[in-house]
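For reference, each letter of the sequence shown is one residue, going 1 to 330 in full-length UniProt numbering.
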Amino acid sequence: MSCCTKRKYEEINTSDDQPASSGANTMKILLLGAGEGGKSTWVKQMRLLYQNGFTSVERNYYKTIIFQNVIKSTVAISQNTAIPELQNLLKSPLTPASLSDSVISTLANLLLNNEFQNALLNTPIVDNYAYFISRLQFLANNLPTNQDILLARVKTHIETPFTCTLNKLKYIFYDVAGQRPARSTWNHRLSEANAFIFFCSLSDFDQTLIEDATTNRLRESLQLWTELVNSLLLEKVPVILCLNKMDLLVEKLKTRRFSDYITEYRGENEAKSVADYVQGLFVAANKVNAKIRPYKVFQTSISDQGLIINVCKSVFEFMLQAVLKQVGFF
Ligand SMILES: Nc1nc2c(ncn2[C@@H]2O[C@H](COP(=O)(O)OP(=O)(O)OP(=O)(O)O)[C@@H](O)[C@H]2O)c(=O)[nH]1
Ligand SMILES: [Mg+2]
């Protein structure tokens, strides 16, 4: 980072400069967190903001993914309810090709059914199921929009790097697989990280892990953060905590009480108080002095294209400033 000057820090923007060739000009940033926190969604936003977005081949791929998200979730919901319309619909297996107008309209009607809604709330399904149902008609004849792609769920299986260059500085974001069995593969990256961003889904407070149905997702996330943030390997590494899915938290609190799941909570059942409470828990878990390792917190919705521009700008500014400080520039 010795190449960095204050001017470069102030000039950070989306220039198309050539990638830096020297390792000294490269920042390695780990995207960490439990499954479904939003790591890969962050990378999608980076592609939209700092690269050329998605090709039509990729859009076709995401179209199939969205159809599969809907089908898999519908089948999962059907295991928690005996609604005849749903059982009829699933008499023959749903496939992307069988999502006809009449199937789409049955799914849209089911969403208005209270029994279906109850089953939906008690089934682990993709986050944006209702949104996708509302998009099926459009997607039958069109490629997905950027927003559709941002909300599509594809579980990460192996670490995927994403590279972008801003003002001659090369940033490599490592998007890791977040579920428990994959975490042992993170170790080799921790020692070479220049910064890390930790993603925690705020709306997961009422869910348990896919890989362990006895563990609350929010508690798992806090536990994982506590281990990482106090790890000697990451002690001096600047960290950003992204408390994500504020939009889904707002929606979920209309039908769920946070204190029913996180029983120590005594505050209002309102998104801002809940997010502040969670932020307090995470900040308290960080035992490393901020003078040694700077940190920054965002409460946001990574999938929101309006919000993400400013979050990204702040993230780049923070990371650069923190690293400049480490090398004694400030
Ligand atoms: N509504 C909404 N959905 C979000 C938000 N952030 C992420 N999602 C969705 O949540 C799901 C999980 O996000 P991912 O980015 O795949 O999570 P991940 O951390 O990469 O998960 P793993 O790959 O399993 O480690 C995806 O369907 C995203 O579109 C958000 O702020 N709001
Ligand atoms: Mg992922």
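Just so it is clear, CB atoms sit at the ideal spot from N, CA and C, and this is done for glycine as well.
{"Query": "Near ligand 2: ASP276 beta-carbon under 7 Å from a heavy atom", "Result": "no"}
{"Query": "Those residues, in chain order, that have a beta-carbon closer than 6 Å to some heavy atom of ligand 2", "Result": "LYS39, SER40, THR156 and ASP175"}
{"Query": "Spatial neighbours of THR106 in its chain, beta-carbon cut-off 7 Å, leaving aside the 5 residues before and after", "Result": "GLU85 and LEU89"}
{"Query": "Inter-residue spacing [alpha-carbon to alpha-carbon] between ASN114 and ASP247", "Result": "22 Å"}
{"Query": "Touching by the beta-carbon criterion (3+ pairs, under 8 Å), the stretch 194 to 210 and the stretch 247 to 261", "Result": "yes"}
{"Query": "Contact test: LYS72 Cβ vs ligand 1 heavy atom, cutoff 7 Å", "Result": "no"}
{"Query": "Beta-carbon proximity of THR41 to LEU166, cut-off 8 Å", "Result": "no"}
{"Query": "Distance cut-off 7 Å: ARG257 Cβ against heavy atoms of ligand 1", "Result": "no"}
{"Query": "Cutoff 6 Å; reference ILE210; Cβ partners in own chain excluding five residues on either side", "Result": "none"}
{"Query": "Start and end residues, beta strand (DSSP E) containing TYR295", "Result": "295 to 299"}
{"Query": "Reduced DSSP secondary structure (H/G/I, E/B, other) of THR81", "Result": "coil"}
{"Query": "Contact test: ASP127 Cβ vs ligand 1 heavy atom, cutoff 7 Å", "Result": "yes"}
{"Query": "Run of the alpha helix (DSSP H) containing ASN230, from where it starts to where it stops", "Result": "Where ASN230 is concerned, there is no enclosing alpha helix (DSSP H), given that its DSSP letter is neither H nor E."}
{"Query": "Sub-8 Å separation of ILE29 and PHE173 beta-carbons", "Result": "yes"}
{"Query": "Check whether ILE77 and THR123 have beta carbons under 8 Å apart", "Result": "yes"}
{"Query": "Beta-carbon spacing of THR208, ASN216 below 8 Å", "Result": "yes"}
{"Query": "Contact between the stretch 222 to 240 and the stretch 256 to 263 (3+ Cβ pairs under 8 Å)", "Result": "no"}
{"Query": "TYR171 - DSSP class collapsed to helix/strand/coil", "Result": "strand"}
{"Query": "Buried versus exposed, by CB contacts within 10 Å (16 or more), LYS39", "Result": "buried"}
{"Query": "Candidates ASP304, PHE199, SER231 and LYS313: closest to GLU220 by CA position", "Result": "PHE199"}
{"Query": "CB-CB length for ASN244 against SER314, believed under 8 Å", "Result": "The Cβ separation is near 15 Å, so there is no contact."}
{"Query": "Counted within 10 angstroms of its Cβ, other Cβ atoms place VAL176 as buried (16 or more) or exposed", "Result": "buried"}
{"Query": "Simplified DSSP state of MET27, which is helix, strand or coil", "Result": "strand"}
{"Query": "Per DSSP, the bridge partner or partners of ASN216", "Result": "THR208"}
{"Query": "Assigned exposure category for THR185 - 16 Cβ within 10 Å defines buried", "Result": "exposed"}
{"Query": "Through-space distance from ASN69 to LYS44, alpha-carbon basis", "Result": "18 Å"}
{"Query": "Segments assigned alpha helix (DSSP H), at least 4 residues, entirely inside the stretch 39 to 121", "Result": "39 to 50, 56 to 78, 84 to 89, 101 to 110 and 114 to 121"}
{"Query": "Burial state of PRO181, where buried means 16 or more other Cβ atoms lie within 10 Å", "Result": "exposed"}
{"Query": "Cβ neighbours of GLN147 in the same chain (closer than 6 Å, five flanking residues each side left out)", "Result": "none"}
{"Query": "Environment of GLY280 [buried if 16+ CB atoms lie within 10 Å]", "Result": "exposed"}
{"Query": "Bridge-paired residues (DSSP) for VAL239", "Result": "PHE196 and TYR295"}
{"Query": "C-alpha gap between SER22 and THR163, whole angstroms", "Result": "Since pLDDT at SER22 reaches only 44, below the 50 mark, its modelled position is unreliable, and no value is offered."}
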